[in-house]
Structure formats: structure tokens, C-alpha cells
Amino acid sequence: DGGITQSPKYLFRKEGQNVTLSCEQNLNHDAMYWYRQDPGQGLRLIYYSQIVNDFQKGDIAEGYSVSREKKESFPLTVTSAQKNPTAFYLCASSAGRGLNQPQHFGDGTRLSIL
Amino acid sequence: AQSVSQHNHHVILSEAASLELGCNYSYGGTVNLFWYVQYPGQHLQLLLKYFSGDPLVKGIKGFEAEFIKSKFSFNLRKPSVQWSDTAEYFCAGNTGNQFYFGTGTSLTVIP
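In order, the protein sequence lines correspond to chains A and B. If you read the first sequence in our numbering, its first letter stands for residue -19, the second for the next number, and so on. If you read the second sequence in our numbering, its first letter stands for residue 4, the second for the next number, and so on.
Take a look at the structure:
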């Protein structure tokens, strides 16, 4: 079955360490997205990529970095510069850059900084 | 700034009650609107979407939404909710390259 795989489901790290969250899709989608979900704040866009080797900052990109070396992969690195990294992170993809392409979501990764 | 807002943060209903969740958007141009649902422990799923044409769109599981351009609204409705509809509901808008999500509405249906 096609879909989006995020790993790991739960991740614990010490303060000051960088951590990378994995997102892989086998839907052959061009666009991929990273969101952060916090209680009462909905989903906030961190980064998005519409094509391989290209990505743009979303609304809350500070303290995060991404890469898009392959179409199916869009890893997110939470750096030590991110002041409040403990959150639930969602990866999504969509078929293209058109306005009428809904997003498909992964199951998420819950990151906790100890 | 472009945004989507949901004013109902928590809704509690008894089974068989009717549901309406509010969603307002603030875009001036062409916009596509979506409702997503997140059941406990599951990933977000698309309920329905509006691109153009008939402003009343029907989605899965008996949900529907009406696009009212004059009110900048896209409210979600269901005539009779079930316990299995307990979930978090997100309204979203897409214009250009980005999606904008509302803060979500938590729906609890009491048997």
C-alpha cells in the first residue's frame, strides 16, 4: 500500500543535541511538508518542498533544517537552536503544486527533549 | 495575512445530535478548502474538499460542508453524529503553495 512513513514514532533526546526525523513516501508525490502540532495551535508549517533539491521555509522554520535529495524522502533536523522542540511532528505530501491537491499525512513523530 | 480560523475548540454532543463546526478563512483570491479528521491514535485523513462548482460538498462518513463566499465560511455539518465520530477536526485552506490549518476542534460524542 502506498503511504507516508514517519520514524520513529517516539523520540527522546537530551537538550542541546540535534535530532533528525525521517519521512518517506511511496506515493510518487512531488510536494512534501513538515508540520508541528501543539495543543490548541493546530498545525504550523515548518518547511515544504515542491521538487527535489528545493525547499522553502514555512511559518516557523527557525531552529529546523531539511533536505530533499530524493523525491521520496524529506528528513527534518531539529537543531539545538530550536527553543521549544518538544512537540508532535507531522509529515505530509501532495501530488503536485496545484491548488487542488489534498495532503496525505504520516502517523507523526512525538519528540520529547529531556 | 492568509489564515483559517475555527472558533469551536471543544464540542460535546450526544449521539444522534446534529453537528456544525465553524470555519472561516481570510483569502481574497482563489482558495481551496478542506476538512481533515484525526481519530484518536490515527493520522489525519481527508474528509472532504471544495475547489469550485457546487458550494455544498459531500464527504465521507455522512459529512458535508457548505462554502459561503459572502461569509468567508466553510462550515462542516453532519445531521446525526455517532460515538465513532469522536475525533479532532481541522479546517484547512490552500492558496498558492501553502496549506493553512485552523487550530482544530475536538469533538466528543457521548453514547
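Backbone N, C-alpha and C define an ideal beta-carbon position, used for all residues, glycine too.
Euclidean distance between Cα positions of residue i and residue j
i	j	result
A19 (chain B)	R(-7) (chain A)	45 Å
K81 (chain B)	S21 (chain B)	6 Å
H46 (chain B)	K74 (chain B)	30 Å
L110 (chain B)	V14 (chain B)	5 Å
S6 (chain B)	T33 (chain B)	14 Å
Q(-3) (chain A)	L24 (chain B)	41 Å
N78 (chain B)	N11 (chain B)	11 Å
I71 (chain B)	P19 (chain A)	29 Å
P82 (chain A)	A75 (chain A)	8 Å
P114 (chain B)	N35 (chain B)	34 Å
S87 (chain B)	Y42 (chain B)	9 Å
A90 (chain B)	S(-13) (chain A)	23 Å
H9 (chain A)	F85 (chain A)	12 Å
L94 (chain A)	V112 (chain B)	35 Å
G107 (chain B)	L1 (chain A)	24 Å
Contact set for residue i: own chain, Cβ-Cβ below 7 Å, skip 5 residues either direction
i	result
L50 (chain B)	W38, Y39, V40, G62, I63 and F66
R24 (chain A)	Y15, R16, D39 and I40
Residues near residue i in its chain [Cβ-Cβ closer than 6 Å; skip 5 each side]
i	result
E4 (chain A)	T(-15), E52 and S53
V46 (chain A)	Y27, F35 and L56
G(-18) (chain A)	N6 and L7
V60 (chain B)	L51, Y53 and A68
Those residues which DSSP pairs with residue i across a bridge
i	result
R(-7) (chain A)	A:I93
R80 (chain B)	B:E23 and B:E67
E91 (chain B)	B:Q41 and B:S109
V14 (chain B)	B:L110
A61 (chain A)	Beta-bridge pairing links A61 (chain A) to no other residue.
S53 (chain A)	A:E4 and A:K50
A67 (chain A)	A:L91
Own chain partners of residue i with C-beta closer than 8 Å, once the 5 adjacent residues on each side are dropped
i	result
Y44 (chain A)	W14, I26, Y27, L56, T57, V58, T59 and Q62
Quiz item: Taking contact to mean at least 3 C-beta pairs separated by less than 8 Å, is the region 22 to 31 of chain B in contact with the region 69 to 77 of chain A?
Solution: Verdict: no, contact absent.
Self-check item: Length-filtered (3 minimum) beta strand (DSSP E) runs lying within the region -2 to 49 of chain A
Solution: You should have -1 to 5, 11 to 18, 22 to 31, 34 to 37 and 44 to 46.
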